[in-house]
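Some notes on the structure that comes next.
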Amino acid sequence: AQSVAQPEDQVNVAEGNPLTVKCTYSVSGNPYLFWYVQYPNRGLQFLLKYITGDNLVKGSYGFEAEFNKSQTSFHLKKPSALVSDSALYFCAGRAPNSGTYKYIFGTGTRLKVLA
Amino acid sequence: GAVVSQHPSRVICKSGTSVKIECRSLDFQATTMFWYRQFPKQSLMLMATSNEGSKATYEQGVEKDKFLINHASLTLSTLTVTSAHPEDSSFYICSARTLAGAHNEQFFGPGTRLTVL
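If you read the sequences in order, they're chains A and B.
The numbering of the first sequence is this note's numbering, which starts it at 4 and goes up by one.
The numbering of the second sequence is this note's numbering, which starts it at 699 and goes up by one.
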């Protein structure tokens with residue numbers, strides 16, 4: 004079965020420090036991978052995506068992610084965390100040749116940036 | 699960018715009543731819309747895939763008679779929770795797939811908080 008895993012329920016980081024939110028995938032073919040952020044009582048906001056090409060993808064609000072095919076990972080990173088980055092982050096994948104447009108979501112990682 | 703709206707953002711209803719939630723793609727046509735349900739501190743659970751002009755495809759375990767989905771136009775899908783009960787209280791999120799983008803990605807609405815008393 005295809006899956007996306009976010010091994011950490013919560014990540015704590017001090018403001019100004021680099022942050023990493025982990026994501027690994029088991030999606031057939033050359034997957035499309037996405038990161039979304041969710042603030043309380045809000046929908047999902049798109050951060051970035053990997054479709055093809057350069058493995059390092061830059062997105063909104065200074066976030067970036069690196070696609071690593073050998074490790075089947077797509078970790079989200081930011082060089083310097085802000086308190087306002089505190090939110091729930093979701094990694095999602097899609098198999099482009101699956102015949103369906105469904106996303107496979109990870110379970111989410113709560114990021115807490117401490118002042 | 700592609701914008702998806704949901705209405706209402708919050709709704710409180712009495713047990714036994716029905717509630718309709720609208721999902722609209724504001725600046726693009728969406729042949730496919732998805733409905734998700736999110737429990738507190740949990741991930742999104744796909745409920746159904748809604749295709750314009752045809753019957754929705756429900757995920758396993760989702761009652762189609764309980765959660766009625768209509769996708770009557772390329773910009774509007776509705777989810778009706780029939781005979782709502784407190785256990786239906788949840789955060790419902792829709793997304794829409796655009797054909798305009800090269801990779802048919804999904805754009806998400808802001809969500810609807812349903813509370814059934």
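The beta-carbon is built from N, C-alpha and C at its ideal position, and this holds for glycine as well.
This one's a predicted model, so the numbers in the text were calculated from it and none came from an experiment.
Buried or exposed for B:I710, please, with buried defined as at least 16 other CB atoms from any protein chain shown within 10 angstroms of its CB. exposed
What is the rounded straight-line gap between the Cα of A:R113 and the Cα of B:P738? 12 Å
For B:M731, which beta-bridge partners are listed by DSSP? B:S748, B:A794
Test: B:P738 CB closer than 8 Å to a CB of chain A: no
Those residues which DSSP pairs with A:E67 across a bridge: A:K61, A:K80
Under 8 Å between C-beta atoms of A:C26 and A:V14: no
Just the C-alpha distance for B:K753 and A:G46, rounded to the nearest angstrom, thanks. 25 Å
Counting Cβ pairs, one atom from each stretch, are 3 or more of them under 8 Å apart for the stretch 705-721 of chain B and the stretch 66-78 of chain A? no
How long is the line joining the alpha carbons of A:K61 and A:K52, rounded to whole angstroms? 8 Å
Please classify B:V702: does DSSP put it in a helix, a strand, or coil? strand
Can you pull the DSSP bridge partners for B:V709? B:L812
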